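Position one of the sequence shown corresponds to residue 182 (my numbering), numbered consecutively onward. Virtual Cβ for every residue (Gly too), placed ideally from N, Cα, C. The structure presented is a predicted model; accordingly, all values stated were derived computationally and were not measured. A short worksheet on the structure shown next.
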Amino acid sequence: MKKTRLLFILYDRPNYPGGPIINYLRVLPALVNRGYDVHVLVMYHLDCPNARSLQERKVITHNTPFIVDSKQAVKWILKQIEAIQPDVFIPDVSTPGCFAGKWVKAAGIPVINSHRSDDENNWGKALYFSDPGSEFVSSAIFCVSEYLRSQLETRVRNLDLLTAVIPSGVSIPVRYNLQDGSVSVVYVGRLIQRQKRILDITRIFVDLAQRFAEVTFAFIGDGPDKKACEEIVSSSGYAHRFRFTGMLKDDIYKQELSKHNIVVLLSEYEGVPGSLMDSMASGLVPVCSRYPGIEELVLDGETGILVHDRKEAVVAAVSMLVLDPGLRKRISQNARRHIIEKFSLENTLDKWEDLIRFLVEQYREKKSIFVSPNDIELPSMNDVLKEHIMKKPAPFHWLYSHIPMGLKAFLKRLINKDLNISSDNFLDVPFIETNLDKYVMRTSIKRSLDYALPNLHGRLLDAGCGKMPYREYILKNAAVQEYVGLDIENALIYDENIKPDSTWDGRVMPFDDNSFDSSIAIEVLEHCPEPEVFLKEVYRVLKPNSTLFFTVPFLWNLHEVPHDEYRYTPFALERHLRNSGFEDIVIKATGGWHASLAQMLGLWVRRAPMRPVLRKYLSPLIKPIIGWLIKKDAMYSVVFSESQMVTGLYGLAKKNVS
């Protein structure tokens, strides 16, 4: 009987720590063992060590140096497909491969796209090749989590391609940590601040080292911020209790994992991280930031501990596990059982086989011999795919590729120096390149909040609270005894990380009349379809002689679409407040002309469609201009008169009822 022939695409290079390649090293040889004829097109930088590893395990590879120009890459892929004649084509993370799928699918060969992570690039590819109106739509797409699939089905109207959930899947080690003896805490994955927040984790580990003299720490993996991590550790005085293992594979990797008790992961976004599955299968207890993909693995209090994205919460969670061996052991057993039952490699292979069999049968009557077209046309650069559509490298890129590695590393550190600083901050916002889009806005809101603090006291209502980023600051710096977060019921649908104390239906807030001493509505009114319904409800629940503090944007991009309703002038905003019963209204501008230009430059360089390399080099050039404009703006007061420009508005309004 003829074997079903599968064709995958992967990218390779030395010391490549990416999740997809680790997954392929497990899944593809296992598919060979299940009777499939597995081929892989490998595009590599410098060398292809993982391709050789696959060859040793009876996977057939077809290798080429990385092709920068998308059209040439698609042509090469199509030529290989003509020679291989697969039954199923899985381009996975390869955008040129997905483009090639148009011609492959026309020959009756099903094409399977992938959606591996909840980030801008993965979403761009997933949305583009799932669009039912596109000539490049794939036959099917696999998502690594149920969350990603549900979001895809929500975001693509009339989605008519087959969707499947196939997590990476991990082999279950026989040897695992029994949670006896001394405690060791580990991080597993890429050593990079962006996404993984590795510098934050390193500082947390140092803090824990100060608290617990017997606990040891380790980092398994490699990445661009490894040296910065080592510097933090070496200057801490606890370096003798830290280890950096570098990249580990196969049995050595599993043996190392089994030496540890607790794994920490605080990613800004994820799919369903394979390193976390590996750790849980080895009996480690995960402490992770809340994120939908992670929440499919970590059931809070049962298979791990989920924390809000704060240092104190992580330290508290790890400390609790260190001090309570019984709790650690119970969660460890639950975590391992959860992986065995739902995320084992065998489960993943079964799901792959189900998808492959279905598509082969569906396309059986359509299949023909594939012949590579003589010429192809690809779409022009577009806002969805961004950097995925690549052209021939400019002379600058050729020159850069020939710079000696030492000098190149120095230039990279110089350009990327700001990337080691976390940009997810609402209060102490660092003036760094990755923050240029939000620096003016967030710092002006912070100044406005400081202005309002003396008026906030007692029981406070945060109306439209979102993730309550100002809660701790207000409790610490104002005379507020109780902080109540309220958000619209729909908010939980489009952002599962929102955890308000109460929700409302947009018509009536679930509180008694005269039950709050003060209220805030920070960047909320622009989202209210009927602002006076919102304001009248805030007015109703406020006690007499209480104050509402508010901010609204004026110069800001569309956001939370389609729930972005208005941009207010000070005159319209005052009218809505008065119509709702408020008096003693004070409205001020968050910034004037110079701040407006600074904000627009920041939004343009960080959010406008452009190639990442252009954004990378423009950001440090524009940063000093933005800094100068901000200083200049502080020299002028804003008067609401003809031709005035503002970035946004803030103010206070009182309920003056005796």
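Determine the DSSP secondary structure at residue i, reduced to helix, strand or coil.
i	result
V292	strand
Q514	helix
N214	helix
V351	strand
R186	strand
C410	helix
H708	helix
N601	Unreliable positioning characterises N601 in this predicted model, as indicated by a pLDDT of 46, which lies under 50. The coordinate reading is nonetheless provided below. Looking at N601 - three-state DSSP - the assignment turns out to be helix.
Y747	coil
S439	coil
M224	strand
I373	coil
T615	helix
D250	coil
V444	strand
F400	strand
K836	strand
P844	This structure cannot settle anything about residue 844, because the visible part of the chain is limited to 182 through 839.
S824	coil
Y205	helix
H243	strand
R424	strand
E663	strand
D432	helix
P234	Residue identity check: residue 234 is Ser in the sequence provided, not Pro. Helix.
S456	helix
T624	helix
Y581	Interpretation of Y581 is limited by its pLDDT of 47, a score under 50 that renders its predicted location unreliable; the figure taken from the coordinates is listed afterwards. Correct three-state label for Y581: helix.
D694	coil
G783	helix
L634	helix
T344	strand
G485	strand
P790	coil
V610	coil
S363	coil
G808	helix
Give the C-beta separation of residue i and residue j to the nearest angstrom, bearing in mind that I take them to be a contact with Cβ-Cβ under 8 Å.
i	j	result
D682	V665	5 Å
I807	A770	About 18 Å; that fails the 8 Å criterion.
P767	L833	Here residue 767 is Val; the residue named in the question, Pro, does not match the sequence. Confirmed, about 5 Å.
N760	E713	6 Å
V719	A644	6 Å
Y328	E477	7 Å
E316	V552	Wrong, their Cβ atoms sit about 18 Å apart, outside the cutoff.
L465	H441	6 Å
Excluding five sequence neighbours on each side, which residues of the same chain lie with their C-beta closer than 6 Å to the C-beta of residue i?
i	result
R238	P210
C709	F715
P574	Note that P574 has pLDDT 49, beneath the 50 cutoff, so the model's placement of it is unreliable and the number below is only indicative. Closer than 6 Å at the Cβ level, and outside the excluded window around P574, lie V249.
G773	D814, Y817 and V819
S582	Residue confidence for S582 is low, a pLDDT of 49 falling below 50, so the modelled location carries little weight and cannot support an answer.
L802	none
A232	D193, V223, T242 and N244
Using a Cβ-based criterion (distance less than 7 Å to any ligand heavy atom), does residue i qualify as near the ligand MN?
i	result
H226	By its list of ligands, the structure shown contains no ligand whatsoever, and the ligand MN lies outside what it can speak to.
Excluding five sequence neighbours on each side, which residues of the same chain lie with their C-beta closer than 8 Å to the C-beta of residue i?
i	result
M781	L736
F247	Y192, M224, Y225 and H226
Considering only residues of the same chain and omitting the five flanking positions on each side of residue i, which have a CB-CB separation below 7 Å?
i	result
S699	N636, L637, H638, G639, L641, S727 and T728
R424	A399
F607	R623, P650 and Y651
K184	G216, Y217 and D218
T383	C410, I413 and V414
I203	G455
Y450	S298, D299, D300, Q376 and Y472
L318	The identity of residue 318 in the sequence shown is Val, whereas the question assumes Leu. Cβ neighbours of V318 beyond the five flanking positions: F310, S311, D312 and L342.
* Segments assigned alpha helix (DSSP H), at least 4 residues, entirely inside the region 265 to 332 -> 276 to 287 and 301 to 309
* **Contact the region 637 to 650 vs the region 719 to 729: 3+ CB pairs below 8 Å** => yes
* **Minimum length 4: unbroken alpha helix (DSSP H) runs contained in the region 636 to 661** => 652 to 658
* Asked: Do the region 387 to 401 and the region 358 to 373 meet, that is, are 3 or more Cβ pairs less than 8 Å apart?
  -> yes
* Does the region 227 to 234 come close enough to the region 512 to 532 to have 3 or more Cβ pairs within less than 8 Å? -> no
* To do: Just list the alpha helix (DSSP H) runs in the region 717 to 780, keeping only unbroken ones of 4 residues or longer that don't cross its boundaries, in chain order.
  => 751 to 760
* Determine, using beta-carbon pairs with one atom in the region 350 to 362 and one in the region 517 to 529, whether at least three such pairs fall under 8 Å. => yes
* Of all the alpha helix (DSSP H) runs that stay within the bounds of the region 492 to 563, which reach a length of 4 or more residues? -> 492 to 504, 506 to 523 and 526 to 543
* **Any 3 or more C-beta pairs closer than 8 Å across the region 382 to 391 and the region 413 to 428** => yes
* **Cβ contact check for the region 608 to 622 and the region 784 to 794: 3 or more pairs under 8 Å** => yes
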